[in-house]
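Chains as they are written, first to last, in the working numbering: chain A, 1 to 153; chain B, 1 to 414.
Glycine residues also receive a C-beta, built at the ideal position from the N, C-alpha and C atoms.
Keep in mind that this is a model prediction, so the values were computed, not measured.
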Amino acid sequence: MTHPAILETKQALGETTLIADPARIVDLCRYLKDSENFLRLDTITAVDWYLTEPRFEVVYHLHSLGQNPQSSIEARRLRVKCKLSGTNPEIDSVTSVWRAANWYEREIFDMFGIGFRNHPNLIRILMPLDWEGYPLRKDYPVHGYKYSYAKGE
Amino acid sequence: MKQHHQPLEDHVATIAAVEERPATPVAPRRMTLNMGPQHPSTHGVLRIVIELEGETIVKAEPDIGFLHTGIEKQCEVNNWQQVVTLTDRVDYLSNLANNLVYALTVEKLLQLEIPPKAQWMRVMLAEIDRLNSHLVWLGTHALDIGAMSMFFYCFREREDILRLKEMISGQRMMTSYIRPGGLALDAPRGWDTAVGKFIKQFPTKVDEYENLLDSNPIWKIRTQGVGFISLEDMLDLGVTGPMLRGAGVALDVRKTEPYSSYEKFDFKVATRSENDVYARYRVRLEEMRESAKIIVQAMEGMPEGPFQADAPHVVLPDREKMKTQMESLIYHFKIVTEGYRVPAGEAYVAVESPRGEIAYYAVSDGTSKPYRLHMRTPSFANLMALPTLLEGTLIADSIASLGSMDFVLGDTDR
């Protein structure tokens with residue numbers, strides 16, 4: 001499996017991880033879906049490595065149904081990671097490849113404040129629409145009170 | 001005297017004039033209907049904004065987050081074994097599946113070997129949990145469609161299951177019974193008899209449900225051919241579980257990537273090809289029969305041996321040992337105060353919950369608390385398909401379609 005967007009391949013605990021170039025993520029995902037038979041996007045999430053740079057990691061988990069035995073990948077699951085800087089983190093949306101990305105990207109936007117370019121409807125999904133701050137960032141407090149009522153949508 | 005009424009001939013003339021007037025095309029008036037967040041058939045706090053043209057749904061937009069409790073954030077401030085109690089609360093109808101996937105993820109990071117007895121018990125409990133979840137689904141789904149009595153029959157058996165769960169763990173719902181390293185306790189005396197008694201009569205109960213519903217013409221009319229969604233759409237939207245199996249794809253993590261010795265059990269993956277609400281009902285019914293078979297196999301072939309891994313730094317010591325042996329006391333103190341440390345790394349483990357594929361992604365930085373724990377929950381992924389499922393169908397069918405997805409809102413919002 002070779003693609004110009006793959007920077008590094010890692011193996012740990014029986015899981016394969018690709019470190020990918022964030023600028024070419026859509027390209028890579030399209031290639032993985034069409035040529036390597038990863039039909040399903042399992043989930044997308046992010047990890048905040050606060051105080052290090054690049055600060056954010058966007059993690060894609062892909063799943064192959066194994067319908068194509070000629071595929072060059074043995075593993076049924078694959079992890080793709082993109083590292084993003086802490087200032088104004090943004091990456092291209094993969095909703096054009098898998099529609100399943102829609103809500104996961106909204107969730108990451110909601111929880112980490114990472115922007116997704118070309119996303120059809122990038123608004124908060126779990127928190128109220130007028131919420132301030134990004135709860136899953138490491139510099140967001142766990143305790144404290146805050147009341148919010150969504151203003152008219 | 002003033003005449004109030006027009007003469008009859010005038011009326012006739014007006015009606016004729018109206019009929020002769022050319023019909024002007026009227027644009028169909030769209031109506032926005034707000035369903036939920038407190039609607040009885042949304043099974044939790046789900047709000048759907050539906051746009052209607054007549055009785056046809058043109059647009060459906062789910063609005064979630066009403067049950068968001070920040071479980072993923074709370075996991076980051078609790079230590080690894082405290083998180084077990086949080087996983088119970090994610091999907092409160094199949095908490096053991098959540099316990100199991102969490103335990104498997106942590107064990108993968110710790111590279112722990114789990115003794116066969118614990119593995120078999122886990123399989124047995126996961127299947128008991130599947131029965132529990134499917135029974136609640138069947139009862140409430142039938143209730144939504146109008147078959148009231150199903151609810152009582154299903155909850156009668158569910159009560160037996162809750163008693164079993166209480167017997168083994170002391171809790172009816174939030175059991176926290178499956179933990180990293182094995183199980184919380186050994187099975188109590190009389191467990192085999194209780195499960196045996198329940199499972200012996202359970203298949204006849206499933207037949208009873210089947211007879212009750214399949215001999216009901218209203219049930220068939222309201223479910224057959226309703227709630228169709230194409231297979232391409234489902235794969236693209238990440239739908240898993242009985243919905244996908246109702247469309248003929250035998251995707252079941254228990255078979256494709258066996259965990260916890262599922263490969264040693266003999267069972268079939270139930271599939272149907274109709275891809276409608278009825279197919280999903282048949283799939284779940286078949287899964288209940290298969291689960292019953294697995295439970296019988298687990299009971300008959302239960303291996304002897306310990307129910308916890310031989311890892312004193314992870315598993316809490318026996319009470320007796322803790323009070324008599326110094327090492328056990330030290331380990332107990334360390335685990336309870338600081339918690340055990342998990343080597344730095346990341347792991348992604350998926351299991352088959354009653355609702356579909358549930359997967360946890362854990363990142364550890366080598367400390368005694370998870371650095372990040374992401375839950376890929378089946379309800380969240382399945383609910384993403386709701387607009388595709390509802391759009392173009394009738395509003396009256398939306399209840400049946402919604403119910404057939406079997407989502408839990410706690411699982412969706414976390």
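Identity of the residue in the options nearest residue i by Cα
i, options, result
"A/T2", "A/A12, A/I19, A/G144", "A/I19"
"A/F56", "A/H119, A/M127, A/M111, A/I123", "A/M111"
"B/A292", "B/S273, B/G196, B/M322, B/E346", "B/G196"
"B/H68", "B/I48, B/N79, B/G44", "B/G44"
"B/V448", "A/A12, A/L136, A/L7", "With chain B covering only 1 through 414, there is no way to say anything about residue 448 of chain B."
"B/E107", "B/M35, B/S364, B/S230, B/Q325", "B/S364"
"B/Q119", "B/Y340, B/D186, B/G227", "B/D186"
"B/R222", "B/L164, B/F155, B/I145", "B/I145"
"B/E127", "B/K334, B/Q171, B/Q297", "B/Q297"
"B/L383", "B/N211, B/P217, B/L96, B/I229", "B/I229"
"B/D88", "B/I295, B/I178, B/Y281, B/P303", "B/I178"
"A/D48", "A/K138, A/N121, A/Y145, A/Y60", "A/K138"
DSSP state of residue i mapped onto helix, strand, coil
i, result
"B/T271", "coil"
"B/A103", "helix"
"B/H454", "For residue 454 of chain B there is no data in the structure shown, the boundaries of chain B being 1 and 414."
"B/G410", "helix"
"B/K369", "coil"
"A/S71", "Reliability fails at A/S71, whose pLDDT of 45 lies under 50, so the model's placement of it is uncertain and no value is given."
"B/V195", "helix"
"B/R179", "strand"
"A/K81", "strand"
"B/Y394", "Here the sequence assigns Leu to residue 394 of chain B, which means Tyr is not the residue at that position. Strand, per DSSP."
"B/F333", "helix"
"A/L18", "strand"
"B/T163", "The sequence shown places Arg at residue 163 of chain B, not Thr. Three-state DSSP puts B/R163 in a helix."
"B/S401", "helix"
"A/N37", "coil"
"B/Q325", "coil"
"A/T45", "strand"
"B/S353", "strand"
"B/N382", "helix"
"A/T95", "coil"
"B/M234", "helix"
"B/E346", "strand"
"B/M121", "helix"
"A/F116", "strand"
"B/Q171", "coil"
"A/A5", "coil"
"A/Y63", "Residue identity check: residue 63 of chain A is His in the sequence provided, not Tyr. The answer is strand: DSSP assigns A/H63 an E or B state."
CA-to-CA distance, residue j to residue i, given in whole angstroms
i, j, result
"B/V83", "B/T412", "18 angstroms"
"B/G410", "A/T95", "25 angstroms"
"B/I71", "B/A309", "27 angstroms"
"B/F152", "B/G139", "7 angstroms"
"B/I168", "B/F198", "14 angstroms"
"B/L362", "B/L104", "The sequence given here places Ala at residue 362 of chain B; Leu does not occur at that position. Cα-Cα distance, rounded: 11 angstroms."
"B/T271", "B/A184", "35 angstroms"
"B/A142", "B/D276", "15 angstroms"
"B/E290", "B/R30", "46 angstroms"
"B/R245", "B/Y278", "12 angstroms"
"B/G403", "B/Q74", "30 angstroms"
"B/Y209", "B/C154", "8 angstroms"
"B/T193", "A/T45", "45 angstroms"
"A/M127", "A/E105", "14 angstroms"
"A/E90", "A/D27", "16 angstroms"
"B/G248", "B/Y331", "50 angstroms"
"B/D318", "B/G339", "17 angstroms"
"B/V315", "A/G113", "38 angstroms"
"A/N88", "A/G133", "14 angstroms"
"B/R158", "A/S35", "46 angstroms"
"B/K323", "B/F333", "12 angstroms"
Taking Cβ-Cβ distances below 7 angstroms as the criterion, which residues of the stretch 117 to 137 of chain A are in contact with chain B? I125, L126, M127, P135, L136
What residues from the stretch 13 to 26 of chain A come within 7 angstroms of chain B, judged by C-beta to C-beta, listed N to C? L13, E15
If you scan the stretch 237 to 309 of chain B from start to end, which runs of the alpha helix (DSSP H) of 4 or more residues do you find wholly inside it? List check, alpha helix (DSSP H) in window: 242 to 245, 253 to 256, 277 to 300.
Using a Cβ-Cβ cut-off of less than 7 angstroms, give me the residues of the stretch 61 to 80 of chain B that come near chain A, in sequence order. I64, G65, H68, G70, E72, K73, V77
Contact set between the stretch 252 to 280 of chain B and chain A, restricted to residues whose Cβ is under 9 angstroms from the partner: T256, E257
Please identify, using Cβ separations under 8 angstroms, the residues of the stretch 343 to 365 of chain B that lie next to chain A, in order along the chain. G345, E346, A347, Y348, A350, E357, A359, Y361, V363
Within 7 angstroms of chain B by C-beta, residues of the stretch 25 to 45 of chain A in sequence order: For chain B, the residues of the stretch 25 to 45 of chain A that bring a beta carbon within less than 7 angstroms of one of its beta carbons are L39, R40, L41, D42, T43, T45, in chain order.
Quick one: which residues of the stretch 79 to 110 of chain A get their C-beta closer than 7 angstroms to a C-beta of chain B? List them in chain order. R79, W98, R99, A100, N102, W103
For the stretch 225 to 239 of chain B, which residues have a CB atom closer than 7 angstroms to at least one CB atom of chain A, in sequence order? L235, D236, L237, G238
Continuous beta strand (DSSP E) assignments of at least 3 residues falling wholly in the stretch 54 to 109 of chain B: Entirely contained in the stretch 54 to 109 of chain B, the beta strand (DSSP E) runs reaching 3 residues are, in chain order, 56 to 63.
Using a Cβ-Cβ cut-off of less than 9 angstroms, list which residues of the stretch 97 to 130 of chain B approach chain A; keep chain order. K108, L109, Q111
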